[in-house]
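This report concerns only the one structure given below.
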Amino acid sequence: MFHKVAIIGGGAAAATLVSELLERGTKPPLHLDWYAGAPEPGRGIAYGTPSGEHLLNVRAASMGMFVSKPGGFLEYAQERDPSVKGSDFLPRRLYGDFLQSRVAQAIRNAPALGHDINILPLSAESLVPSSDGVTIGYGDNEARADAAVLAIGSLPPRPLPGVEDAAIASGRYVVDPWPFLAGAVDDDRPLRVLVIGLGLTAVDVLLELSRRWPNARFDALSRHGKLPEPHLAAASAPADDGGELVDAMRDDPNVRAWLRRLRDATAHAEDWRTVIDGLRPHTQALWRDLPRGERARFLRHARWAWERARHRMPPQVAAKIASLEKAGRLTRDRGRMRSVHLTPDGVLDVTRGVPGGGDVVQSYDVVIQTVGLNTDTQRTEHPLIRQLVLGGHVAPEAEGLGLMAETDGRLHDASGKPRANVFAIGSLLRGTLWESTAIPEIRKQAQALANLLLSPDKRR
Ligand SMILES: Cc1cc2nc3c(=O)[nH]c(=O)nc-3n(C[C@H](O)[C@H](O)[C@H](O)COP(=O)(O)OP(=O)(O)OC[C@H]3O[C@@H](n4cnc5c(N)ncnc54)[C@H](O)[C@@H]3O)c2cc1C
Numbered sequence: 535m536f537h538k539v540a541i542i543g544g545g546a547a548a549a550t551l552v553s554e555l556l557e558r559g560t561k562p563p564l565h566l567d568w569y570a571g572a573p574e575p576g577r578g579i580a581y582g583t584p585s586g587e588h589l590l591n592v593r594a595a596s597m598g599m600f601v602s603k604p605g606g607f608l609e610y611a612q613e614r615d616p617s618v619k620g621s622d623f624l625p626r627r628l629y630g631d632f633l634q635s636r637v638a639q640a641i642r643n644a645p646a647l648g649h650d651i652n653i654l655p656l657s658a659e660s661l662v663p664s665s666d667g668v669t670i671g672y673g674d675n676e677a678r679a680d681a682a683v684l685a686i687g688s689l690p691p692r693p694l695p696g697v698e699d700a701a702i703a704s705g706r707y708v709v710d711p712w713p714f715l716a717g718a719v720d721d722d723r724p725l726r727v728l729v730i731g732l733g734l735t736a737v738d739v740l741l742e743l744s745r746r747w748p749n750a751r752f753d754a755l756s757r758h759g760k761l762p763e764p765h766l767a768a769a770s771a772p773a774d775d776g777g778e779l780v781d782a783m784r785d786d787p788n789v790r791a792w793l794r795r796l797r798d799a800t801a802h803a804e805d806w807r808t809v810i811d812g813l814r815p816h817t818q819a820l821w822r823d824l825p826r827g828e829r830a831r832f833l834r835h836a837r838w839a840w841e842r843a844r845h846r847m848p849p850q851v852a853a854k855i856a857s858l859e860k861a862g863r864l865t866r867d868r869g870r871m872r873s874v875h876l877t878p879d880g881v882l883d884v885t886r887g888v889p890g891g892g893d894v895v896q897s898y899d900v901v902i903q904t905v906g907l908n909t910d911t912q913r914t915e916h917p918l919i920r921q922l923v924l925g926g927h928v929a930p931e932a933e934g935l936g937l938m939a940e941t942d943g944r945l946h947d948a949s950g951k952p953r954a955n956v957f958a959i960g961s962l963l964r965g966t967l968w969e970s971t972a973i974p975e976i977r978k979q980a981q982a983l984a985n986l987l988l989s990p991d992k993r994r
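As structure tokens, this is what we get:
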């Protein structure tokens, strides 16, 4: 086993792994250095939101933190409000409370098992692996560990091509919606707002800002102009185990054939969601077997449709968005943003291509970019990932889906060899696993990685 492990990241993935490790009775005990990046770790981006508008998009019964206790979150929520049901979509900030309380409990119990943990509210800025361990740089300091785990979530978003630097510098073009939402204040001016992208982040932005800015009007622009699909009000069981469909997809790993089979299966299902949910336990294996060229085809042509079917809105959220549209406060457009220019009078002129050809220009007071998770490790400014990539210590995934890795989380070096002592969990593994960002996957990865880190044949 590795005795001294560095865990880098301050969100749900790091909190889950720290808790998994600290609750094991290992001999000799463990020492953990947790580079948490912030003073109160555990919530990360998704569960750090203070807004009551922001709900989990997974039902309470499925949000347990540990594989061994899948109902843990539901119990926690019911202790506070007995009327909560397993099928409810609860506020994400409650989930953040839950994560923090569970990791705090694991930290409190650690000394009784002989473990110790050092929580550093700092970012790890460099990591140099060698055959006998890793050296982590933070601030002006360095520390050694036997192994390190990257649990850093997705990378900071980058501005879309065509956005002028002056537009970003003005503060009116928002590249990262989360800090912007955290600092947004009530404003009753008749603001004109454009949201670029129409996934779940856009939905969060629309819910929060339409409440805080009651006289604002919103346009939302995306390639297809479609919102995420809604969940059903009542939980539906996944279609059997997807067995027959999965076997057929495995036998013919070809995106066009997959889409045909999915269309057939959903046409015969009582509700199409049961087919998508039935695939979930098999998605990682299907992705693994998909040839490289087919993966690229999926990302180009089918990704958007998969994302909106798979990452759905709670029904009450869908109803709020529908009422914004009905009241004329939200319009959705199909098209592609071409450029954003800051005019001398301080507004943003946005040029967008419209379907069928031609461009239109519209003026906005604020433009917010919500184009999904960034996992492009080749082009990031994230200091640690940049240092790791430039130093050849890890290998970027060619399609921008994190880092090259084994399915157990061991990262590859630049020559394609799995490293023995540097691991990742969560979004950085998208290229290897595809389905690797939500809690049901993260808790499985945390359990498996804890087993691997503590296995007796990993001697240090
Ligand atoms: C808005 C939103 C809503 C979501 N809702 C759900 C949901 O309802 N259900 C669900 O299952 N999943 C949901 N997800 C998926 C979500 O990604 C995961 O559930 C989970 O939050 C991922 O946690 P993480 O720790 O991997 O990443 P993050 O939450 O991104 O945490 C990573 C943390 O590491 C820090 N960090 C980065 N670099 C360093 C460094 N060098 N040193 C130290 N710290 C560093 C970052 O600042 C960040 O705080 C949602 C995601 C988003 C964005």
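Every number in our numbering is 534 more than the matching position in the sequence shown, counting from 1. No residue lacks a Cβ here, since even glycine has one placed at the ideal position from N, Cα and C.
Taking 7 Å as the cut-off, is the C-beta of residue i nearer than that to any heavy atom in ligand 1?
i: T971; result: yes
i: P974; result: yes
i: Y898; result: no
i: L590; result: yes
i: R626; result: yes
i: A681; result: no
i: A546; result: yes
i: Y569; result: yes
i: A658; result: yes
i: A677; result: no
i: L734; result: yes
i: N755; result: The identity of residue 755 in the sequence shown is Leu, whereas the question assumes Asn. No, the beta carbon of L755 sits no closer than 7 Å to any heavy atom of ligand 1.
i: Y707; result: no
i: V572; result: Looking at the sequence itself, residue 572 is Ala, so the reference to Val does not match. Yes, Cβ of A572 sits closer than 7 Å to a heavy atom of ligand 1.
i: I579; result: yes
i: I810; result: no
i: I686; result: yes
i: G606; result: no
Which stretch, first to last residue, makes up the alpha helix (DSSP H) that contains residue i?
i: R746; result: L734 to R746
i: H927; result: Element bounds for H927: n/a, residue is neither H nor E.
i: Q979; result: I973 to L987
i: N675; result: N675 -> not in any alpha helix (DSSP H); beta strand (DSSP E) instead, spanning N675 to A679.
i: L813; result: W806 to L813
i: I902; result: Run containing I902: none in the alpha helix (DSSP H); it sits in the beta strand (DSSP E), V900 to Q903.
i: V789; result: V789 to H802
i: M783; result: G777 to D785
i: V1034; result: Absent from the structure is residue 1034, since the part of the chain shown begins at 535 and ends at 994.
i: A769; result: Taken as a continuous stretch (DSSP letters only), A769 belongs to no alpha helix (DSSP H), as it is neither H nor E.
i: S553; result: A546 to L556
i: T560; result: Premise fails: T560 is in no alpha helix (DSSP H) and is neither H nor E.
i: P691; result: Taken as a continuous stretch (DSSP letters only), P691 belongs to no alpha helix (DSSP H), as it is neither H nor E.
i: P711; result: P711 to G717
i: L967; result: R964 to L967
Taking the alpha-carbon of residue i as reference, which of the options has the nearest alpha-carbon?
i: A638; options: V592, P573, L661 and V739; result: P573
i: G731; options: D947, E933, V905 and E931; result: V905
i: V866; options: V737, G812 and Q818; result: With the sequence shown as reference, residue 866 is identified as Arg, and Val is not the correct amino acid for it. Minimum Cα distance to R866 is reached at V737.
i: S596; options: S617, Y629 and R577; result: Y629
i: G880; options: T808, H845 and S704; result: S704
i: R504; options: P878, K860, G887 and R863; result: Given that the chain is displayed from residue 535 to residue 994, the structure contains no residue 504 and the question cannot be resolved.
i: I670; options: V894, P917 and A799; result: P917
i: I641; options: H565, G960 and I579; result: H565
i: L522; options: V851, Q896, A980 and H946; result: Only positions 535 to 994 of the chain appear in the structure, and residue 522 is not among them; the question remains open.
i: P762; options: P848, D942, V697 and P990; result: P848
i: A929; options: D910, D942 and E915; result: D910
i: Y898; options: R723, G620, G648 and W568; result: R723
i: A701; options: R913, L986 and T877; result: T877
i: V618; options: R678, T971, R593 and G862; result: R593
i: A980; options: I542, K538, A540 and T550; result: T550
i: R822; options: R870, S970, W568 and G620; result: S970
For the beta strand (DSSP E) containing residue i, name the first residue and the last one.
i: F957; result: P952 to A958
i: L661; result: S660 to S664
i: Q912; result: From DSSP, Q912 is part of no beta strand (DSSP E); its letter is neither H nor E.
i: Y610; result: That residue, Y610, is in no beta strand (DSSP E); its alpha helix (DSSP H) goes G606 to R614.
i: A540; result: K538 to I542
From the DSSP secondary-structure annotation, give me the bridge partner or partners of residue i.
i: N652; result: D567
i: H875; result: D883
i: M847; result: P764
i: D823; result: Paired residues: none, contrary to the question.
i: P625; result: L589
i: R944; result: F957
i: A754; result: V729 and R866
i: T669; result: V662 and R678
i: D893; result: G887
i: V683; result: I541 and F957
Tell me whether residue i counts as near ligand 2, meaning its Cβ is closer than 7 Å to at least one heavy atom of that ligand.
i: Y610; result: No copy of ligand 2 occurs in the structure displayed; its ligands are ligand 1 alone.
Is any beta-carbon of chain C found at less than 8 Å from that of residue i?
i: D666; result: Reference to chain C is not applicable here, since this structure consists of a single protein chain.
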